[in-house]
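Trainee:
Residue numbers (the UniProt record's numbering): 1 to 223.
1. Is it right to say residue 155 is buried, meaning 16 or more other beta carbons lie within 10 angstroms of its own, or is it exposed?
2. In three-state DSSP terms, what is residue 76?
3. According to DSSP, is residue 24 part of a helix, a strand, or is it coil?
4. To which residues of the same chain is residue 46 closer than 7 Å at the C-beta, ignoring the five residues directly before and after it?
5. Can you have a look at residue 14 and say buried or exposed, based on whether 16 or more other CB atoms are within 10 angstroms of its CB?
6. Report back the beta-carbon spacing between residue 130 and residue 90 to the nearest angstrom; my notes put them in contact at under 8 Å.
7. Excluding the five sequence neighbours on either side, which residues of its own chain have a C-beta within less than 6 Å of the C-beta of residue 106, listed in chain order?
8. Which word fits residue 222, buried or exposed, when buried means at least 16 other C-beta atoms lie within 10 angstroms of its C-beta?
9. Locate the alpha helix (DSSP H) running through residue 216, then write down its first and last residues.
10. Restricting to Cα atoms, I'd like to know which of 98, 138, 153 and 179 is closest to residue 112.
11. Could you tell me the distance, in whole angstroms, from the CA atom of residue 75 to the CA atom of residue 148?
12. Does the separation of the CB atoms of residue 186 and residue 195 fall below 8 Å?
13. At which residue ranges does the region 110–181 contain complete beta strand (DSSP E) runs of 3 or more residues, listed in the order of the chain?
14. Residue 58: which of 86, 176, 146 and 133 sits nearest, CA to CA?
15. Can you give the beta carbon distance from residue 94 to residue 87, rounded, assuming they're within the 8 Å contact cut?
16. So, residue 173 versus residue 188, is the Cβ gap smaller than 8 Å?
17. When the distance is taken between beta carbons, is residue 202 closer than 8 Å to residue 162?
18. Mind checking which residues open and close the beta strand (DSSP E) that includes residue 208?
19. Taking the alpha carbon of residue 205 as the reference point, which residue from 160, 151 and 177 has its own alpha carbon closest?
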């Protein structure tokens, strides 16, 4: 498939319309970069799809054994499920985004429950915990899906479809702060109204937040 860049201008205009006082009284109205993004047919949530139950007990920072799926079917958020009270523990996930850039996220542990990350990982390369856990822990994925372009917030999402039904779900805009292990997803995410189950197909019509820069279109540099 061939591609061609139409223009490097920050704004493009089309048409012959002129209105005094608008756009310095020059011809045309703005063209907005709107795209349809196909998020595919993600698998259902799996609490131990990346790492099955294990109990780190060697003291200090320890690496969990990843014995599951490390290349996720779609970019999505990671979960840590704790059998005991791990609310004082910090789990750090390291991996790659959908463009192959290294990224990390520190997730605070839960008290006999599931803790969810906010970032969308395409590949998980390692998970560490800062000290011994109270009981068994597992690592998996949830329902928050990553986007290929940066959005500023829900206002940049025009429509979202599950199969042929329109339902937006929960949208989080890209975090424009310098990325760290505790900041949000650099591009933004969507948590569909109907959870992925391996059969539902998700598509989103969105406005790329700012096509004038790499950070505006793809988010700040990952960390």
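Note that CB positions come from ideal geometry on N, CA and C, so glycine has one too.
Please read all numbers here as calculations on a predicted model, not as lab measurements.
Mentor: Well, looking at it:
1. Classification of residue 155: exposed, given that the 10 Å Cβ count is below 16.
2. The answer is strand: DSSP assigns residue 76 an E or B state.
3. DSSP places residue 24 within a helical segment (H, G or I) once states are collapsed to three.
4. The residues are 140 and 141.
5. It counts as exposed.
6. Indeed they touch by this definition, with Cβ atoms about 5 Å apart.
7. Closer than 6 Å at Cβ, skipping near neighbours: 90, 92, 181 and 182.
8. With 16 or more other CB atoms across the displayed protein chains lying within 10 angstroms of its CB, residue 222 is buried.
9. Start and end: 214–218.
10. Distances from the CA of residue 112 to each of 98, 138, 153 and 179 were compared; the closest alpha carbon is that of 138.
11. Taking the straight line joining both Cα atoms gives about 9 Å.
12. Cβ distance not < 8 Å, so residue 186 and residue 195 don't count as in contact.
13. Segments of the beta strand (DSSP E) lying fully in the region 110–181: 114–116, 121–129, 137–146, 157–162 and 170–173.
14. The shortest Cα separation from residue 58 among 86, 176, 146 and 133 belongs to 133.
15. No, residue 94 and residue 87 are not in contact; Cβ-Cβ is about 22 Å, not under 8 Å.
16. In this structure, residue 173 sits near residue 188, with a CB-CB distance shorter than 8 Å.
17. At the C-beta level, residue 162 and residue 202 come within 8 Å of one another.
18. In this chain, residue 208 is not harboured by any beta strand (DSSP E), its DSSP state being neither H nor E.
19. The option with the nearest alpha carbon to residue 205 is 160.
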